[in-house]
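What follows is one structure encoded as structure tokens, with my remarks underneath.
2 protein chains.
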Amino acid sequence: MEGCKSVEELLRSPFDVRWVAADEVALARWRAQNLRLPAETVAATRDQLADAGSYQTNDGAIAIAAMKPARLPEAPDGITLVLDDIRDPGNLGTLIRTADWYGVTTIVASATTADFYSPKTIQASMGSFTRVSVYYTELALFLAAQRVPVYGTFLEGENVQTFRPASRCMVVIGNEANGISDAVACTVTTRITIPRFGAAESLNAAIAAAVVLDNFKRLQ
Amino acid sequence: MEGCKSVEELLRSPFDVRWVAADEVALARWRAQNLRLPAETVAATRDQLADAGSYQTNDGAIAIAAMKPARLPEAPDGITLVLDDIRDPGNLGTLIRTADWYGVTTIVASATTADFYSPKTIQASMGSFTRVSVYYTELALFLAAQRVPVYGTFLEGENVQTFRPASRCMVVIGNEANGISDAVACTVTTRITIPRFGAAESLNAAIAAAVVLDNFKRLQ
Chain W
1340 MEGCKSVEEL LRSPFDVRWV AADEVALARW RAQNLRLPAE TVAATRDQLA DAGSYQTNDG
1400 AIAIAAMKPA RLPEAPDGIT LVLDDIRDPG NLGTLIRTAD WYGVTTIVAS ATTADFYSPK
1460 TIQASMGSFT RVSVYYTELA LFLAAQRVPV YGTFLEGENV QTFRPASRCM VVIGNEANGI
1520 SDAVACTVTT RITIPRFGAA ESLNAAIAAA VVLDNFKRLQ
Chain F
1340 MEGCKSVEEL LRSPFDVRWV AADEVALARW RAQNLRLPAE TVAATRDQLA DAGSYQTNDG
1400 AIAIAAMKPA RLPEAPDGIT LVLDDIRDPG NLGTLIRTAD WYGVTTIVAS ATTADFYSPK
1460 TIQASMGSFT RVSVYYTELA LFLAAQRVPV YGTFLEGENV QTFRPASRCM VVIGNEANGI
1520 SDAVACTVTT RITIPRFGAA ESLNAAIAAA VVLDNFKRLQ
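Protein sequences appear in the order of chains W and F.
So the number in the working numbering is just where the residue sits in the first sequence, counting from 1, plus 1339.
So the number in the working numbering is just where the residue sits in the second sequence, counting from 1, plus 1339.
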């Protein structure tokens, strides 16, 4: 993890943090806040941090933590967000942040979806990576085994502004360019659509997810 | 403009297109569709297009068009989206695309907002740059002169899911890190908020705009 905000979120999270390098200002602040720092914590300048990390500049911290074990829950509670081939790590990070805002903590993604641990994903998630889990699996198989409704976003379907969703369900968001793949579309039990009032051909994937979640939380 | 999709949208739009370079496939398709090509239209290979443009690869076209004259309407109709210091051109492009989906064709932005004509803005707008106009001005002065409600998104305010907005209004979206500036906040007549169900600190600026517009179009 790189950057003060991400590292601080990491220190507050259940992640197992193994190593921290940070500037004296950040270290002093975290010690004053009684945050638990690992045994291997070292002071470093911002230039040293930028040299060690992948960002062009670093605002004060880098950390190493163990990845979370990825044991997919068999039947997750509430709304589960399902990502079919979201390629852009920035989009994935924004989806994680949006899910976290709406209280969705489980995301199931196709193996072709961007990497949860990519620095761009972590950065765009704005700290929400500590509260939302992303599980990678074969989506069509996973969805076919579910006993809850599987809602998919399409250009035609039930109006998301008036449709009454189940409280326990899956919401599938498709690839940025091609939407939901045929294999996954077969497992969708209800097609939903976001009403269009203008002329754009489609919405960005994270925007579509946010609008669906906002309506679902209101209507559930 | 770079890229087949953007150039094709440009050719279909009221923009004054002065020059087009494209590969034979794209040119043949546009001629078959009776799209009006400028006198200065030249055939080029994709490698030549990539050399001439700013993209690393080019999928078939580059065009030059005259910028639109930016005469800010005194009292725009319907919903006007107001951007207070949106710095990221990708965010601006996504905001333009989202506005277009919801039928919002006028965006008023602070001078510090990202450039409408940046290649990243154009690309993220996915063609919507031809239908949505962005006017740059001194926001606090512009908003103070409006006779319609000015709604601003804050972490506390009227619930956007139940609030009844005016049909003619301004919706202000703030900077990615700092939100709405103090000078602009003074001109906001009603603070609105997107209900949070989880733990994220905030939403991405384009996500917030989409959720507000989706609720406003439903409730107006």
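The beta-carbon is built from N, C-alpha and C at its ideal position, and this holds for glycine as well.
Based on the DSSP secondary-structure assignment, which residues constitute the bridge partners of residue i?
{"i": "residue 1554 of chain W", "result": "Its beta-bridge partners do not exist; DSSP assigns none."}
{"i": "residue 1381 of chain F", "result": "F:1360"}
{"i": "residue 1419 of chain F", "result": "F:1509"}
{"i": "residue 1296 of chain W", "result": "Summary: the structure shown does not reach residue 1296 of chain W, with chain W confined to residues 1340 through 1559, and so no result is reported for it."}
{"i": "residue 1529 of chain W", "result": "W:1490"}
{"i": "residue 1444 of chain F", "result": "Paired residues: none, contrary to the question."}
{"i": "residue 1514 of chain W", "result": "W:1518"}
{"i": "residue 1475 of chain W", "result": "W:1448"}
Give the range of the beta strand (DSSP E) segment to which residue i is assigned.
{"i": "residue 1498 of chain W", "result": "1489-1498"}
{"i": "residue 1561 of chain W", "result": "A query on residue 1561 of chain W cannot be resolved here, the shown segment of chain W reaching from 1340 to 1559 and no further."}
Within the continuous alpha helix (DSSP H) that includes residue i, where are the two ends?
{"i": "residue 1343 of chain F", "result": "1343-1351"}
{"i": "residue 1437 of chain F", "result": "1428-1440"}
{"i": "residue 1523 of chain F", "result": "1521-1524"}
{"i": "residue 1452 of chain F", "result": "No alpha helix (DSSP H) contains residue 1452 of chain F, which DSSP labels as neither H nor E."}
{"i": "residue 1536 of chain W", "result": "Here residue 1536 of chain W belongs to no alpha helix (DSSP H), and DSSP marks it neither H nor E."}
{"i": "residue 1483 of chain F", "result": "1478-1483"}
Quiz prompt | Segment contact flag, the stretch 1470-1478 of chain W with the stretch 1488-1499 of chain W, C-beta cutoff 8 Å, min 3 pairs | solution = Not touching, per the Cβ criterion.
Practice problem: Note down, in chain order, all residues in the stretch 1468-1486 of chain F with a beta-carbon under 8 Å from any beta-carbon belonging to chain W. | Solution: Listed in sequence order: 1470.
Practice problem: Would you be able to state if there are at least three C-beta pairs under 8 Å between the stretch 1450-1467 of chain W and the stretch 1417-1436 of chain W? | Solution: Output reads yes: the stretch 1450-1467 of chain W touches the stretch 1417-1436 of chain W.
Exercise. Check whether the stretch 1402-1409 of chain W touches the stretch 1432-1440 of chain W, taking contact to mean three or more Cβ pairs, one atom from each stretch, closer than 8 Å.
Key: No, because fewer than three Cβ pairs between the stretch 1402-1409 of chain W and the stretch 1432-1440 of chain W fall closer than 8 Å, the two stretches do not touch.
Quiz item: So, do the stretch 1412-1425 of chain F and the stretch 1502-1519 of chain F have three or more beta carbon pairs nearer to each other than 8 Å?
Solution: Contact between the stretch 1412-1425 of chain F and the stretch 1502-1519 of chain F is present, because at least three Cβ pairs lie under 8 Å.
Exercise. Anything in the stretch 1525-1549 of chain F with a Cβ closer than 8 Å to a Cβ of chain W? List those residues in chain order, please.
Key: Answer set for the stretch 1525-1549 of chain F: 1533, 1534, 1535, 1536, 1537, 1538, 1539, 1540, 1541, 1542, 1543, 1545, 1546, 1549.
Exercise. Indicate whether the contact test is met: 3 or more Cβ pairs, each with one atom in the stretch 1514-1523 of chain W and one in the stretch 1442-1457 of chain F, closer than 8 Å.
Key: Contact between the stretch 1514-1523 of chain W and the stretch 1442-1457 of chain F is absent, with fewer than three C-beta pairs closer than 8 Å.
Self-check item: Cβ-based contacts, 7 Å cut-off: residues of the stretch 1346-1357 of chain F near chain W
Solution: Flagged: no residues at all.
Exercise. Check distances from the C-beta atoms of the stretch 1500-1517 of chain F to those of chain W and list, in chain order, the residues that come in under 8 Å.
Key: If the cut-off is 8 Å between Cβ atoms, the stretch 1500-1517 of chain F has 1500 near chain W.
Quiz item: Does the stretch 1474-1492 of chain W touch the stretch 1386-1405 of chain W, meaning 3 or more C-beta pairs lie closer than 8 Å?
Solution: Taking a contact to require three or more Cβ pairs closer than 8 Å, the stretch 1386-1405 of chain W and the stretch 1474-1492 of chain W do not qualify as touching.
Self-check item: Short-range partners of chain F found in the stretch 1434-1447 of chain W, where Cβ spacing is below 8 Å
Solution: Within the stretch 1434-1447 of chain W, the qualifying residues are 1436, 1437, 1438, 1439, 1440, 1441, 1442, 1443, 1444.
Quiz item: Is there contact between the stretch 1374-1382 of chain W and the stretch 1350-1365 of chain W, where contact requires at least three CB pairs shorter than 8 Å?
Solution: With a cut-off of 8 Å on Cβ pairs, the stretch 1374-1382 of chain W is in contact with the stretch 1350-1365 of chain W, counting three or more such pairs.
Quiz prompt | Touch test, the stretch 1532-1544 of chain W against the stretch 1536-1543 of chain F, Cβ-Cβ under 8 Å, three pairs minimum | solution = Fewer than three Cβ pairs drawn from the stretch 1532-1544 of chain W and the stretch 1536-1543 of chain F lie within less than 8 Å of each other, which leaves the two stretches out of contact.
Quiz prompt | Interface residues of the stretch 1372-1405 of chain F facing chain W [CB-CB below 8 Å] | solution = If the cut-off is 8 Å between Cβ atoms, the stretch 1372-1405 of chain F has nothing near chain W.
Quiz item: What residues from the stretch 1404-1425 of chain F come within 8 Å of chain W, judged by C-beta to C-beta, listed N to C?
Solution: Within the stretch 1404-1425 of chain F, no residue has its Cβ closer than 8 Å to any Cβ of chain W.
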